[in-house]
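Undergrad: Sequential numbering of the sequence shown, starting at 127, is according to the working numbering.
Please read through the structure below; I'll follow up with questions.
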Amino acid sequence: LPLSISKTDKGWQVKWNDPRDLLANMRMLDRDYSVQFVGWPGIDVKDEEQDELDDVLQQLEHPCYAVYLDAKTREEFHNEFCKGILWPLFHYVMPTSHFDQSRKYEALWRVYQNVNMLFARKASVATDNEEDAIIWFHSYHLLTAPNFLRKSRPTAQIGFFLHTVFPTSEVFRTLPTRIEVLRGMLASDLIGFHTFDYARHFLSSCKRILDLDFHTLPDDGTLVVHVLGRDVSLRIGHVSIRSHEVHEDCMSDVVKRYAQEFRQRFVGKDDKKIILTVGEYEIVRGLLFTIQGFASFLEEFPKWQDSVVLVVLIRLPNSIQGGLGHYLVKDEIVKEIESINAKYPGKQKVYALYTIADVSLFGTFWDGFNTMPYELTAAQGAVNLPGVVIVSEFMGCMRSLSGVLRVNPWKSSELSQSIQQALVMTAEERRIAHTRRFNHVMHYTFERWAKGYLRDLRKAGEAESQKDIVPIGMGSTAAWVYLEKDFVRLRDMESLLINSFKNAKTRILLFDYGGTLADSEERSRNIAMSHFHSSASVDGGSSTGGSYLKSAPSNILCHLNALAEDPNTYVCVISGHTRSEIDSALPNSPKLCVASEKGAFLRWRGENRWHQHPKLGDYSSWQQIALDVLRTYTERTDGAFIQRKETALVWHYQDSDPDYGDMQAVELERYLRRLLLPFYNITIQKYDHGRILEVLPSEINKGSAAVAIIRKVLDEMEMKTEKADKQDIFLLCVGNDRSDEKMFEAVELSGQEFGTEHIFSVTIGIQPTHAKFYLQDQKEIQWLLSILSGSLRYAKPKGNLGNRMLANQSVPSFNTMQNKESSALGTNKRFAAKKQDSRSQQTPRLGLQTVPSKTELEGTEMPLGMKKTKNSKFLSSGSTGNLQSLIQVAFFCVFRNNDRNWPNNNSMNKSFSFF
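Spelled out as structure tokens, the structure:
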């Protein structure tokens, strides 16, 4: 707390800290805000006295709420973890000589988390759960407090400002709990940094550790990190001071008297120049280097030996910064300066020293938060001849101050030359330099800095308040995900989904494979293993790039085959894998329709032959050119490799350096576009999330494959789309990445053309998408398939043989979330009102040509057109017994695999996602 608290015979005595205290200055915002403070009281308070002190603190003009820490917790939290681990690491001091920290880290981390939780709870109490309250956390002591508060107050407006250096990602990633720290900070709506360098390092850590990208807002250029559906904004601006008050104080008689006394003491009647440096005993403050640089100056310019005096003002670490014994260099400093070891208490005396300095030297080499150059500039506005300011180029305030000399404190000769340059400046040059920095300091005040931050925080918080909030995860991994109002979780629409599915005469189900039916991590491993096992994928000896793709999980295959057994349900898997890979992934599934390489080849239900897209063309003509270019970039990019398909080339760089790989991918995309697009009908697509770049024919995508499948199914069912009942067609498509977006769009447009309202475009995970529904993660695909296959047992009979066999079955009672479904219906426009007739926007029909096996393709010219398959191909009059056996086996598989989870869906509401 920004208070000095003491206990006397008269009770508790409370005094606010002086204006040099950052938090104490927040009181000046009371004209626009009701300001309250939460923090440690600064003293140990007995348990029986805490209530009494709380009453005193909360009766202040600006109420304060104390977080009490016992001596052991405070020592472990502040001195051992914050100052012993975080502070050195953030300032590039690796604790390699203190190996006991690694043994104690887990215990200290638990203490740190507990204290952050206490602060978050107290902040919630202080704001009394007000919806429009703003909670602003400060500095590295409370890195994870925003996350704790977000869990209990998902709509709160939370800000965080880091008043220290943020190191490069290479240093930060050595922190064992780096992920938890980043997630704690990202729970804020707005994160503040003193300089762009620190923000840049933070963004790099988000990219390299959490794989999060950033972008800028078009209206004002704000940096934004997108995480869990939220846009976390970044603000860059160094803290300023109450410059007008400092300037007025320096005009006072008290400060002038102190200044005269100090000048008399240091130089007497001699006409000597006073060089002032301010520092601390901690090593990163650079005081030792500053004094050594002054010694170099005296050696290089001996004429000044009797004409200058160095005044060293040593500030002891305050209660916020704390002490750090094993990083103090007090003995070395005392040895260097010998006779100068004084501390000047009181802001008037400090201001007096500022006013008499001819040269002021700030040589710290890692200092994120330091306003002393601001104070000195404001103070010297009260004198006739201001001095010259020399600032380390590693100070946070360096970039915001003009009219200063910038030096590298590590280089003594440069420091020496800067002192010489400052001493020989003319009076006019000194005044011009001072005016430049003085105008900035007087204009950019503390109040302006604080109000600017709060304004951006309010803006960021209001933007997120327009979204729906959904909880995910359990226990310590629980978090909130922010969704657009019309983006609905499919599980909340279970009743509508099942009714639409059961009552439809025609059902078309489209599924992506990798990341949807199969786990995405397993998919990545399969691709990598395919590259490992087959060098032909790069050298061009194999047109398929290997076939190392494990089959889909048995329970998934069981559900798919059970659905495909129904003659009115058409199940198709649209994958980017090659024909041989998808064949191995979906064994013994003759009733499934399969599209490989995003629709370049398609195998209809009940057929063994693959059909080629009629517009595929000669894809070999451009592949060799593109392959040569990809090989060149692969040789230059460690971790990258090429996957060669029949019709496409894929450049994988997910294992390369995050930054360098992205740079190479951008340049590769540009070069391929210039080289190939003017001459070949191809598409060059870069997928940032998967970190791949794909080159493929322009006519090939999952959208055109979806349209072709829908047209084919409707033709087989001998339906007229112009006369189709809106209730007769059920469309479902499920995917997980950017390549599935065209499939979502195609299904939505097709549904509008046919006039059906029962369209379910579903994405896996929460992400920007054209889909209208989402599954929380890939594990929920089993839930979706199980309820669809299970509902077929109780589907309304449509007159065909398969459904007549099940006509007498009773319908189970599904456990649905009626309240959430009603809310979702209100926000989803499709189900809140009927869509306008869109028959004028007819989707062009796409034909597929029949293709023999691969060996038969050689030297054969294939005819165009589409072969119609008779319904007898799927169900003949003599297949009743076999069909019944197949159905019984399929349903035994379905319910046997899910007898623990179905029909009791409560057990399926568990989530394993985490923030």
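Just so it is clear, CB atoms sit at the ideal spot from N, CA and C, and this is done for glycine as well.
Treat the numbers as computed from the prediction; the structure is a model and nothing was measured.
Roughly how many angstroms lie between the CA atoms of Pro693 and Ile855, to the nearest whole one?
TA: So the alpha carbons of these two residues sit roughly 14 Å apart.
Undergrad: If you draw a straight line from the C-alpha of Ile400 to the C-alpha of Gly513, how long is it?
TA: Going from the Cα of Ile400 to the Cα of Gly513 covers about 9 Å.
Undergrad: Just to confirm, are Arg368 and Asn151 a CB contact at a threshold of 8 Å?
TA: Yes, the Cβ-Cβ distance between Arg368 and Asn151 is below 8 Å.
Undergrad: Where does Ile558 land, buried or exposed, given buried means 16+ other C-beta within 10 angstroms?
TA: Ile558 should be labelled exposed.
Undergrad: Taking 8 Å as the threshold (C-beta atoms), are Ala192 and Leu127 in contact?
TA: Yes, the pair counts as a contact, with Cβ atoms nearer than the cut-off.
Undergrad: Spatial neighbours of Tyr570 within its chain, please: CB distance less than 7 Å, with the 5 preceding and 5 following residues excluded, ordered by chain position.
TA: Taken in chain order, the residues that qualify are Ser366.
Undergrad: Only counting runs of 3 or more residues, tell me where the beta strand (DSSP E) segments fall wholly within the segment 856-927, in order along the chain.
TA: Entirely contained in the segment 856-927, the beta strand (DSSP E) runs reaching 3 residues are, in chain order, 885-890 and 899-901.
Undergrad: Cβ atoms of Leu775 and Ala752: under 8 Å apart, would you say?
TA: In this structure, Leu775 lies closer than 8 Å to Ala752 by Cβ.
Undergrad: Between the C-alpha atoms of Gly725 and Arg735, what's the straight-line distance to the nearest angstrom?
TA: For Gly725 and Arg735, the distance between alpha carbons rounds to 14 Å.
Undergrad: Please classify Leu803: is it buried, with 16 or more other beta-carbons within 10 angstroms of its beta-carbon, or exposed?
TA: Label assigned to Leu803: exposed.
Undergrad: For Val297, which residues from the same chain have a beta carbon less than 7 Å from its beta carbon, with the 5 sequence-adjacent residues on both sides left out?
TA: Answer for Val297: Leu215 and Tyr218, listed in chain order.
Undergrad: Buried or exposed: which applies to Val164, given that a residue is buried once 16 or more other Cβ atoms fall within 10 Å of its Cβ?
TA: Its Cβ being crowded by 16 or more others within 10 Å, Val164 is buried.
Undergrad: Looking only at its chain, what residues have a beta carbon closer than 6 Å to the beta carbon of Val860, apart from the 5 residues adjacent to it on each side?
TA: Once the five neighbours on either side are set aside, the close Cβ partners of Val860 are Phe637, Thr642 and Val888.
Undergrad: DSSP has Ala192 in a bridge; who is on the other side?
TA: Paired residue(s): Gly165.
Undergrad: Compare the beta carbon distance of Ala872 and Val839 with 8 Å and say whether it is the shorter of the two.
TA: Result no, Cβ atoms of Ala872 and Val839 do not sit closer than 8 Å.
Undergrad: On the DSSP bridge assignment, give the partners of Val514 in chain order.
TA: Bridge partners of Val514: Val485.
Undergrad: Using a Cβ cut-off of 8 Å (strictly closer), state whether Ala249 contacts chain B.
TA: Protein chains in the displayed structure number just one, and chain B is not present.
Undergrad: Report the rounded CA-to-CA distance for Glu573 versus Thr290, giving the unit in angstroms.
TA: If you take the alpha carbons of Glu573 and Thr290, they lie about 20 Å apart.
Undergrad: In chain order, which alpha helix (DSSP H) runs of at least 4 residues are fully inside the segment 268-352?
TA: The qualifying runs are 271-278, 295-298, 304-312 and 322-336.
Undergrad: Thinking C-alpha only, which one of Arg705, Lys382 and Gln239 is nearest Ala508?
TA: Looking at the Cα atoms, Lys382 is the closest of the given residues.
Undergrad: Go to Leu770, then tell me how far its beta strand (DSSP E) extends in each direction, as first and last residue.
TA: Residue 770 is actually Arg in this sequence, not Leu. Unbroken beta strand (DSSP E) run through Arg770: Phe767 to Arg770.
Undergrad: Quick check on the DSSP output: what are the complete beta strand (DSSP E) runs of length 3 or more inside the segment 743-795, in order along the chain?
TA: Entirely contained in the segment 743-795, the beta strand (DSSP E) runs reaching 3 residues are, in chain order, 767-770 and 775-778.
Undergrad: Take Met869 and list the residues in its own chain whose beta-carbon comes closer than 7 Å to its own, dropping the five residues that flank it on each side.
TA: Counting only Cβ-Cβ distances below 7 Å, and skipping sequence neighbours, we find Leu636, Ile700, Lys828, Gly829, Ala832, Cys859 and Gly861.
Undergrad: Less than 8 Å separating the beta-carbons of Val353 and Leu338?
TA: Yes; because the gap between Cβ atoms is below 8 Å, this pair is in contact.
Undergrad: Could you pull the DSSP bridge partners for Leu644 from this structure?
TA: Note that residue 644 is Ala in the sequence shown, not Leu. Paired residue(s): Gly640.
Undergrad: With DSSP as the reference, label Val509 as helix, strand or coil.
TA: The answer is coil: DSSP assigns Val509 none of H, G, I, E or B.
Undergrad: Which value, in whole angstroms, describes the spacing of the CA atoms of Ser278 and Gly310?
TA: Their backbone Cα atoms lie some 14 Å apart in a straight line.
Undergrad: If we ignore side chains and look at the alpha-carbon of each, how far apart do Phe1000 and Ser715 end up?
TA: With a pLDDT of only 28 at Phe1000, under 50, the local geometry of the prediction cannot be trusted, and the value read off the model is given with reservation. Rounded to whole angstroms, Phe1000 to Ser715 spans 13 Å at the Cα level.
Undergrad: Can you find at least 3 beta carbon pairs, one from the segment 787-801 and one from the segment 758-772, that sit closer than 8 Å?
TA: Output reads yes: the segment 758-772 touches the segment 787-801.
Undergrad: With a CB to CB cut of under 6 Å and the five nearest residues on each side skipped, what residues in its chain are close to Ile169?
TA: Excluding sequence neighbours, Ile169 sits near Ile131.
Undergrad: Could you please give the first and the last residue of the uninterrupted alpha helix (DSSP H) stretch that includes Arg391?
TA: Element bounds for Arg391: Asp379 to Phe392.
Undergrad: Can the beta-carbon of Leu910 be found less than 8 Å from the beta-carbon of Ile682?
TA: No. Outside cutoff.
Undergrad: Let's test the definition: count the other Cβ atoms within 10 Å of the Cβ of Pro167 and tell me whether it reaches 16, buried, or not, exposed.
TA: The residue is buried, with at least 16 neighbouring Cβ atoms inside 10 Å.
Undergrad: Report yes if the C-beta distance between Ala313 and Leu349 is below 8 Å; otherwise report no.
TA: Going by C-beta atoms, Ala313 is not nearer than 8 Å to Leu349.
Undergrad: Work out the CA separation of Phe328 and Pro293 for me, nearest whole Å.
TA: If I take the Cα positions, the gap works out to 8 Å.
Undergrad: Considering Ile835, what are the terminal residues of the alpha helix (DSSP H) in which it resides?
TA: Start and end: Lys828 to Glu842.
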